[in-house]
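Residue numbers (the UniProt record's numbering): 1 to 325. All remarks here apply to the structure that follows.
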């Protein structure tokens, strides 16, 4: 249950991060957002590692786990985040969410093939509800854009947006598998230590990018208003990734990743509060949120827990015990 709650917290903070970054991207660039995000993120993970004694855990990892954490950091914090930021700047935070659902399919397939995890009827039902929530939220957004609706001030670039959204989904979908394998049964302390390694690897790549002529000066010229929102997004996404790594230490990937995709619903709500001039919220959004949360509950429950606390007909009890593979 704790792993599911941590995954849910990661989804909420990731959604708030997207909304904050969207606000900063109105006057700032992707490079500026990446620089602020990674530099603050590595400091936050470093401080957290010191507080919980995670620095010692870094030296306890095998070389295989160490390089897997590095690969996860490059895939998620460098590749995935850059593509996510490019997509968000191109077509807005809300439109980026639906194509990023591909990430959950990638994670689930790899979790079954690589980690030997299984799907149960409860998990399948939970996944369907979690995916249904974002679909309803998208329909709600489209329903507000009728023929008589005023022309929006922001014109999305769908080609660039969808291209980078799909690329970010691949990074976000593969990286949790690397993290789960690298943890190798480790607990919360090891998960935060692993997150620090991942952030450090991504930050090192960003530092190399600063060697490009003019890029360092461009990043240093970030406007104060953009810097404020980028910094807010950096803190939020660091909290999101920290709790995501902790969730992966406690729960299967097939549980954590579907719950984290609830961020699509939460980001619509967050953008309606922070970027109201660009987003619209309606009754369907609340229905989508409710379905998503119900799905998260199903994902957090084990079959044994349900069978021990509920009296079910024999046929339903047998069906509940089915699993694949």
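Backbone N, C-alpha and C fix where the C-beta goes; we use that ideal spot for every residue, glycine too.
Between the alpha carbons of residue i and residue j, how many angstroms are there, rounded?
i	j	result
residue 173	residue 164	14 angstroms
residue 237	residue 18	8 angstroms
residue 92	residue 310	44 angstroms
residue 184	residue 224	43 angstroms
residue 160	residue 84	11 angstroms
residue 305	residue 162	41 angstroms
residue 109	residue 323	15 angstroms
residue 280	residue 30	In this predicted model, residue 280 has a pLDDT of only 46, less than 50, meaning its place in the structure is not dependable; the value taken from the coordinates is given anyway. C-alpha separation (whole angstroms): 25 angstroms.
residue 301	residue 71	31 angstroms
residue 9	residue 296	12 angstroms
residue 182	residue 61	8 angstroms
residue 226	residue 25	7 angstroms
residue 186	residue 20	32 angstroms
residue 1	residue 11	15 angstroms
residue 116	residue 219	44 angstroms
residue 250	residue 293	19 angstroms
residue 33	residue 325	42 angstroms
residue 252	residue 6	12 angstroms
residue 169	residue 99	8 angstroms
residue 303	residue 157	45 angstroms
residue 82	residue 36	12 angstroms
residue 212	residue 136	43 angstroms
residue 58	residue 287	43 angstroms
residue 203	residue 53	22 angstroms
By alpha-carbon positions, which one of the options ends up nearest to residue i?
i	options	result
residue 127	270, 260, 250	260
residue 267	8, 47, 4, 16	16
residue 258	111, 195, 211	111
residue 95	264, 192, 26, 24	264
residue 245	235, 198, 234, 106	198
residue 125	313, 325, 291	291
residue 208	38, 114, 180	38
residue 177	221, 214, 247, 59	247
residue 320	13, 230, 121	121
residue 102	67, 50, 166, 119	166
residue 27	303, 241, 228	228
residue 194	49, 7, 33	49
residue 239	313, 222, 312, 43	43
residue 106	216, 130, 203, 254	254
residue 235	47, 170, 89, 7	47
residue 77	14, 308, 316	14
residue 196	7, 40, 45, 35	45
residue 190	56, 41, 113	56
residue 66	287, 230, 180, 232	180
residue 69	200, 210, 97	200
residue 233	271, 123, 202	271
residue 51	216, 188, 313	188
residue 90	63, 242, 155	155
residue 40	241, 318, 312, 64	241
residue 269	63, 203, 97	97
residue 256	114, 230, 104	104
Under the three-state reduction of DSSP, which class applies to residue i: helix, strand or coil?
i	result
residue 280	Model confidence at residue 280 stands at a pLDDT of 46, short of 50, so the residue's coordinates are unreliable; what they give is reported in the following sentence. It is coil, neither helix nor strand.
residue 322	coil
residue 89	helix
residue 214	coil
residue 208	helix
residue 243	helix
residue 379	Outside the modelled stretch of the chain, which goes from 1 to 325, sits residue 379, for which no answer is possible.
residue 27	coil
residue 171	helix
residue 231	helix
residue 161	helix
residue 224	helix
residue 251	coil
residue 1	coil
residue 301	coil
residue 64	helix
residue 18	helix
residue 185	coil
residue 98	helix
residue 53	coil
residue 59	coil
residue 155	coil
residue 261	coil
residue 84	helix
residue 317	helix
Can you tell me which residues form a DSSP beta bridge with residue i?
i	result
residue 119	324
Quick one: does the C-beta of residue i sit closer than 8 angstroms to a heavy atom of the ligand FAD?
i	result
residue 217	No copy of the ligand FAD occurs in the structure displayed, which carries no ligand at all.
With a threshold of 9 angstroms between beta carbons, is residue i in contact with chain D?
i	result
residue 271	The structure shown contains no chain D; it is built from a single protein chain.
List the whole-angstrom C-beta distance separating residue i from residue j, where the pair is believed to meet the contact cut-off of C-beta under 8 angstroms.
i	j	result
residue 86	residue 275	With 8 angstroms as the limit, residue 86 and residue 275 do not qualify as a contact, their Cβ atoms being about 18 angstroms apart.
residue 74	residue 205	6 angstroms
residue 171	residue 80	3 angstroms
residue 299	residue 4	6 angstroms
residue 131	residue 262	Not quite, the Cβ-Cβ distance comes to about 10 angstroms (not below 8 angstroms), so this is no contact.
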